[in-house]
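>
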Amino acid sequence: MGLYATAMETMEAYTGLSPAAFFTIAAVMVVVYKIVCSMFVDPEEFDKKPINTSGSIATNQPPPPEPQPQPQPPTIQEPVQLGDVTEEELRAYDGSDPNKPLLMAIKGKIYDVSRSRMFYGPGGPYALFAGREASRALALMSFDPRDLNGNLEGLSEPELEVLQDWEYKFMEKYVKVGQLVGTDQAVNGGEVQESEKHD
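1 is the number of the first residue of the sequence shown in full-length UniProt numbering; add one for each residue after it.
1. When you compare only the Cα positions, how much space is there between G178 and V85?
2. Looking only at DSSP bridge pairs, what is G83 linked to?
3. Can you grab the Cα-Cα spacing for the pair F119 / G182, in whole Å?
4. Helix, strand or coil: which one does DSSP assign to K109?
5. Measure the CB-CB distance between L142 and K107 and report whether it falls below 7 Å.
6. Between L140 and D147, how many whole angstroms is the CB-CB distance? I'm expecting something under 8 Å.
7. Is the CB-CB distance between G121 and L138 below 7 Å?
8. Does the separation of the CB atoms of Y168 and G131 fall below 7 Å?
9. Below 7 Å between beta carbons: does that hold for N149 and E133?
10. Would you identify the three-state DSSP class for L140, choosing helix, strand or coil?
11. I need the straight-line Cα distance from P125 to S116, nearest angstrom please.
12. Helix or strand or just coil, what does DSSP make of T152?
13. Below 8 Å on the Cβ atoms is my guess for L128 versus I110; work out the distance and round it to an integer in Å.
14. Do residue 213 and A105 have their CB atoms nearer than 7 Å?
15. Would V80 and Y174 be called neighbours here (beta carbons separated by less than 7 Å)?
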């Protein structure tokens, strides 16, 4: 008992607590630690079957469901140069077919936005613009389907600057794969397309 008495006296000398108070505080700290640790369960461990520590066999519990395979996102392919495309042909590239690239046009230039499918693909915040000429909508910062066209008439100078910023962003980030031809040539920034024709 000499060792026990010495340990208790030493504990009281260093902590200023009686042995009963010291062990009570230590037990409370262990319980608090276990509670806090149980709040931060790893998501993978959350789905695991709990370990039965009582020694009895757990019954009446259905087996865990088999994990379902996650659908694979479509692979991003290298951009394919399309050349001249009409607005009607462009609409086929709106993301509804995961095997086709995701395209949109600004000022008559068609860009492959497939690598930003989470934004421009179905269900994305900008899905409305996919497969469309979106110059007017981008200049006006509009999600109105009536603004999904290349008509730049009536836009103010600040709105045209906004559109120019969008065009620069697209030129930096995405590959140009073609250009629009057809109905709205004069309005789609015709001066740009005319200069391209003379090159």
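Each residue gets a CB set at the ideal place from its N, CA and C atoms; glycine is no exception. All figures in this text were calculated on a predicted structure; none of them were measured in a lab.
Inspection of the coordinates gives the following:
1. Locating residue 178 in the sequence shown gives position 178, counting from the first residue. Locating residue 85 in the sequence shown gives position 85, counting from the first residue. Looking at the two C-alpha atoms, the distance is approximately 7 Å.
2. Counting from one through the sequence shown, the residue named residue 83 turns up at place 83. According to DSSP, which records beta bridges pairwise, G83 is partnered with G178.
3. Looking up residue 119 in the sequence shown gives position 119. Looking up residue 182 in the sequence shown gives position 182. The alpha-carbon atoms of F119 and G182 are separated by roughly 28 Å.
4. For the purposes of this step, residue 109 is identified with residue 109 of the sequence shown, where counting begins at 1. Reduced to three states, the DSSP call for K109 is strand.
5. As a first step, residue 142 is located in the sequence shown; it is residue number 142 there, counting from the start. As a first step, residue 107 is located in the sequence shown; it is residue number 107 there, counting from the start. The sequence given here places Ser at residue 142; Leu does not occur at that position. Not in contact: S142 and K107 (Cβ atoms no closer than 7 Å).
6. The residue labelled residue 140 in the question sits at position 140 within the sequence shown. The residue labelled residue 147 in the question sits at position 147 within the sequence shown. Rounded, the Cβ-Cβ distance is 6 Å, consistent with contact.
7. Numbered from its first residue, the sequence shown carries residue 121 at position 121. Numbered from its first residue, the sequence shown carries residue 138 at position 138. Against a cut-off of 7 Å, the Cβ pair of L138 and G121 comes out as no contact.
8. Translated into positions along the sequence shown, residue 168 becomes position 168. Translated into positions along the sequence shown, residue 131 becomes position 131. No, they are not a contact pair.
9. Locating residue 149 in the sequence shown gives position 149, where the first residue counts as 1. Locating residue 133 in the sequence shown gives position 133, where the first residue counts as 1. Result yes, Cβ atoms of N149 and E133 sit closer than 7 Å.
10. In the sequence shown, the residue the question calls residue 140 occupies position 140. Here L140 sits in helix by DSSP.
11. Walking along the sequence shown from the start, residue 125 turns up at place 125. Walking along the sequence shown from the start, residue 116 turns up at place 116. Their Cα atoms are separated by approximately 11 Å.
12. Stepping through the sequence shown from its first residue, residue 152 is reached at position 152. Inspection of the sequence shows that residue 152 is occupied by Leu rather than by Thr. L152 falls in the coil class under three-state DSSP.
13. Numbered from 1 along the sequence shown, position 128 holds the residue referred to as residue 128. Numbered from 1 along the sequence shown, position 110 holds the residue referred to as residue 110. 17 Å between Cβ atoms; not a contact.
14. With the chain covering 1 to 199 only, the question about residue 213 has no answer from this structure.
15. Start at 1 with the first residue of the sequence shown, and residue 80 comes out as number 80. Start at 1 with the first residue of the sequence shown, and residue 174 comes out as number 174. Going by C-beta atoms, V80 is not nearer than 7 Å to Y174.
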